[in-house]
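Heads up, the sequence shown is in my numbering, so the first residue is 110 and it goes up one at a time.
Just so it is clear, CB atoms sit at the ideal spot from N, CA and C, and this is done for glycine as well.
A quick note: this is a predicted structure, and the numbers were derived from the prediction, not measured.
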Amino acid sequence: MYKTLIFSLFLFSLGCSKPQQYNDAAFDTFKSRFILANWKQNPAAATNAGFHNYDSLLPAYTEAYRNQSDAFCKKYLDSLSLFNASELTASNRLDWVLLQNALKSQLFYTDTFKAWQWDPSVYNVGSTLAEIIQAHNLTNNQKLEFVKKRLLAIPAYYQAAIENINNPTPEHIQLAIEQNEGTHSYLNADLVNEMKKLESGALPTSEIANYILGASDAIQNYIVFLKEVQSKSGYKARNFRIGKELYERKFDLDIQSTGSAHEIYNKALIRKRELHQQMAGLTTQLWSKYFKVAQPKDTLAAIQQLIQKIADKHAHRDSFMQSIEAQIPQLTKFVNDKNLLYLDPKKPLKVRRTPAYMDGVAGASINAPGPYDSDAETFYNVSTLEKMSAEQAESYLREYNFYVLQILNIHEAIPGHYTQLVYSNQSPSLVKTLFGNGAMIEGWAVYSERMMLENGYGNNEPEMELMYCKWHLRSVCNTILDYSVHVLGWNQNQAMDLLVNQAFQQDAEAKGKWRRVSLTQVQLCSYFSGYTEIFELRERLKQKGNFDLKTFHEKLLSYGSSPVKEIAQMME
Ligand code: ZN
Ligand code: ZN
């Protein structure tokens with residue numbers, strides 16, 4: 110009702126205005142209304158984005174809900190079409206494109222892709238409950254109230270899930286069982302304790318237990334159902350590979366590239382050959398510096414041996430974080446000295462140890478506050494290696510060795526993800542933050558690695574060049590792998606040959622990548638496709654003459670996380 114009302118009010122107000130008033134002011138109003146209505150339609154997404162007005166809602170994913178969702182998307186696509194995008198400011202034009210794509214995506218995911226039938230892991234209530242508990246803009250009473258309402262809705266939620274599941278893939282069944290078992294134990298241990306803390310004696314413990322019990326049983330019931338599906342004789346498992354047709358469509362909507370998935374795949378094959386050639390040359394150049402024996406005839410084997418040797422140079426496990434911290438001012442200085450782009454000195458990056466509650470796998474990543482929490486600081490989270498065995502730590506430190514660690518810092522921090530974030534925050538747009546293009550975000554980070562080396566970062570040391578090639582090969586092979594598995598039907602052996610023998614990855618990393626490619630689709634392409642489009646745009650602009658690198662970077666980043674093809678249109 111609420112949604113319909115807002116919509117008709119909006120149409121009414123447009124109906125009363127003359128066409129020239131379909132302008133930026135009207136579009137701004139439209140955006141705010143849409144975002145609010147969208148949160149109400151998708152309350153779990155709202156909670157995860159830090160918008161807590163609809164925390165008490167947990168709609169069951171029934172056919173009625175899907176119809177409602179489709180109607181919602183079609184209505185908003187209609188009202189979007191009332192605006193002439195070309196008459197809006199650049200920033201609003203890009204928001205218009207992002208919104209249209211988001212609505213079309215939602216229709217595609219509901220009606221065509223239908224992961225809600227074959228991926229049982231889409232049903233999981235754990236993360237939203239934890240988000241509510243951890244929210245720092247809610248009172249204790251609100252948290253308790255919202256959590257209780259969600260708990261009461263959980264049985265109907267999982268009942269709908271059981272009705273929806275049809276011919277799921279074995280890989281997603283297994284994932285769903287593992288993740289829901291995690292949620293089950295979260296409910297019965299952490300959540301009970303958190304609720305006791307929140308209610309501070311007002312509610313008897315037995316009442317909390319009742320709220321938990323119904324929800325917990327429903328999750329358990331879902332797990333039993335999935336295990337039955339798993340063991341049913343005659344169960345015909347769906348292949349997790351989505352095939353060419355679905356892949357191309359998902360690629361168009363998720364990546365928003367000018368080219369097709371097949372074109373990007375072909376470019377990745379060419380780039381892999383170039384990198385292998387470059388690495389072969391560097392290996393011949395460096396061989397005698399590191400080995401007394403003759404270089405093996407098999408070029409890929411020789412590259413692999415040399416990489417292993419150079420990886421001996423790495424940080425100490427006790428000062429891993431300090432090594433990262435020390436590099437940030439050096440990267441900043443390099444960008445400034447070479448005049449690559451403007452870095453705001455008022456926004457230095459803070460390196461910190463990853464807080465315990467978000468410390469899962471070892472790594473380093475940018476931790477930006479959500480759009481509704483914009484006063485919070487941005488951190489560079491670095492995991493310590495304390496909990497690792499000597500062997501694990503050594504393997505990790507070799508992977509992120511002296512050279513690779515610098516490239517990682519370029520990618521994550523300066524001038525990669527962190528710098529891009531600072532630029533996009535200069536013209537804040539909720540639409541770009543919420544519906545931003547992942548290929549632009551990852552593409553910029555991957556582009557910035559190459560750009561730094563082109564400008565002499567690492568003093569053109571051949572070791573640095575070789576390690577850069579290995580690192581870059583990872584993005585390239587992500588694309589080759591994803592396309593080859595989902596479209597060309599590759600098996601695990603073919604995947605391992607690509608990753609271990611041709612991309613020089615450790616066995617554990619390659620196995621993790623196989624798992625990722627069997628559970629996700631297209632996302633692995635975002636790194637290389639975004640990079641390619643940015644790189645090609647730069648080369649095209651250079652051809653036209655009168656090119657300035659700093660101006661190019663600043664202009665590109667000023668459009669925020671919009672699809673590169675749209676940015677390219679504005680810049681050309
Ligand atoms: Zn070592
Ligand atoms: Zn990244």
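### Message
Is it buried or exposed, I379, if we count other Cβ atoms within 10 angstroms and call 16 or more buried?
### Response
When all chains shown are included, I379 counts as exposed.
### Query
For M304 versus L253, is the C-beta distance shorter than 8 Å?
Closer than 8 Å, so yes.
### Task
Ignore the nearest five residues each way along the sequence and tell me which others in M605's own chain have a CB closer than 6 Å to its CB.
Excluding positions up to five away in sequence, the list reads A619.
### Message
I need the straight-line Cα distance from I676 to D421, nearest angstrom please.
### Response
When rounded, the distance between both Cα atoms is 42 Å.
### Message
Quick check: S369 and E357, are their CB atoms within less than 8 Å of each other?
### Response
Going by C-beta atoms, S369 is nearer than 8 Å to E357.
### Message
With three or more beta-carbon pairs closer than 8 Å as the criterion, would you say the segment 324 to 340 touches the segment 258 to 277?
### Response
Put simply, the segment 324 to 340 touches the segment 258 to 277. At least three CB pairs are less than 8 Å apart.
#### Entry: 8 Å Cβ cutoff met for Y636 and G545
Contact flag unset, no.
### Query
What residues sit near ligand 2, counting only those whose C-beta is closer than 6 Å to one of its heavy atoms, in chain order?
Screening all residues for a C-beta within a distance smaller than 6 Å of any heavy atom in ligand 2 leaves H520, H526, E551, A554, in chain order.
### Task
Would you mind reading off the limits of the alpha helix (DSSP H) that contains N534?
Residues 526 to 535.
### Query
Can you check whether the CB of T292 is closer than 8 Å to the CB of E240?
Contact flag unset, no.
### Query
Between which two residues does the beta strand (DSSP E) containing N490 stretch?
N490 -> beta strand (DSSP E) spans 488 to 491.
### Beta-carbon proximity list for D204, same chain, < 7 Å, skipping 5 on both sides
For D204, same chain residues with a beta-carbon under 7 Å away, outside a window of 5 residues either side, are K140, S538, V540, K541 in chain order.
### Query
Counting only runs that start and end within the segment 287 to 368, where is the alpha helix (DSSP H) found for 4 or more residues in a row?
As far as the segment 287 to 368 is concerned, its whole alpha helix (DSSP H) runs of at least 4 residues are 301 to 308, 314 to 340, 352 to 364.
#### Entry: Per-residue burial, N201 [other beta carbons within 10 Å of its own, 16 or more giving buried]
Counting of Cβ neighbours within 10 angstroms places N201 among the buried residues, the total reaching 16 or more.
### Query
Near R259, which residues of its chain fall below 6 Å by C-beta distance, leaving aside the five closest residues on each side in sequence?
Here the set comprises L167.
### Query
In chain order, what residues of the same chain have a beta carbon less than 7 Å from the beta carbon of M679, not counting five sequence neighbours either side?
Hits under 7 Å: A199, Y668.
### Query
Is I437 near L575, with beta carbons less than 8 Å apart?
Judged by beta-carbon spacing, L575 lies beyond the 8 Å limit of I437, meaning their Cβ atoms are not closer than that value.
### Message
Can you check which of these residues, F400, K353, E316, P279, is closest to K341 by C-alpha distance?
### Response
Considering only alpha carbons, the answer is P279.
#### Entry: Sequence-distant residues of the same chain with beta carbon closer than 6 Å to T487, five excluded per side
So the qualifying residues of the chain are A477.
### alpha helix (DSSP H) runs wholly inside the segment 393 to 481, at least 4 long, in chain order
As far as the segment 393 to 481 is concerned, its whole alpha helix (DSSP H) runs of at least 4 residues are 408 to 419, 429 to 446.
### Query
In three-state terms, what does DSSP make of I144?
DSSP places I144 in the helix class (H, G or I) of the three-state scheme.
### Query
Any heavy atom of ligand 1 closer than 7 Å to the Cβ of H371?
It does not: the Cβ of H371 is nowhere closer than 7 Å to a heavy atom of ligand 1.
### Task
Alpha carbon to alpha carbon, how far is D299 from G235? Give it in angstroms, no decimals.
Whole-angstrom Cα-Cα distance: 11 Å.
### Query
Any idea if S671 is buried or exposed, counting beta-carbon neighbours within 10 angstroms, 16 or more meaning buried?
So S671 ends up on the buried side.
### Query
Mapping DSSP to helix, strand and coil, what is M497?
Coil, per DSSP.
### Query
How about D606: is its Cβ closer than 7 Å to a heavy atom in ligand 1?
D606 Cβ: outside cutoff for every heavy atom of ligand 1.
### Query
For chain B, is any of its Cβ atoms less than 8 Å away from the one on A619?
Going by chain labels, chain B is absent from the structure shown, which holds only one protein chain.
### Message
Residues in the same chain with beta-carbon distance under 6 Å from L391, minus the five sequence neighbours each way, listed in chain order, please.
### Response
Result list for L391: P571, E574, L575, in chain order.
### Message
Going by C-alpha to C-alpha distance, which of V609, L440, G565 sits closest to C586?
### Response
Among V609, L440, G565, the Cα nearest to that of C586 belongs to V609.
### Task
Throw me the rounded Cβ distance for the Y566 and L458 pair, which I believe falls under 8 Å.
Cβ-Cβ separation between Y566 and L458: approximately 17 Å, too far for a contact (criterion under 8 Å).
### Task
Within its chain, find whatever has a CB closer than 6 Å to the CB of F349; leave out the 5 residues flanking it on each side and keep chain order.
Taken in chain order, the residues that qualify are T278, E280, S627.
### Task
Would you kindly report the start and end of the unbroken alpha helix (DSSP H) that includes E572?
Element bounds for E572: 571 to 595.
### Task
Would you check if the distance between the CB atom of V631 and the CB atom of K359 is smaller than 8 Å?
Yes, Cβ-Cβ distance for V631 and K359 is below 8 Å.
### Message
For a quick check, are the C-beta atoms of I523 and L452 less than 8 Å apart?
### Response
Judged by their CB atoms, I523 and L452 are nearer to each other than the 8 Å cut-off.
#### Entry: beta-carbon E503 near ligand 1 non-hydrogen atom, thresh 7 Å
Using a cutoff of 7 Å, the CB of E503 counts as near ligand 1, since one of the ligand's heavy atoms is closer than that.
### Task
Would you tell me roughly how many angstroms separate the C-alpha atoms of E290 and Y640, rounded to the nearest one?
Near 38 Å, if we compare the C-alpha coordinates of Y640 and E290.
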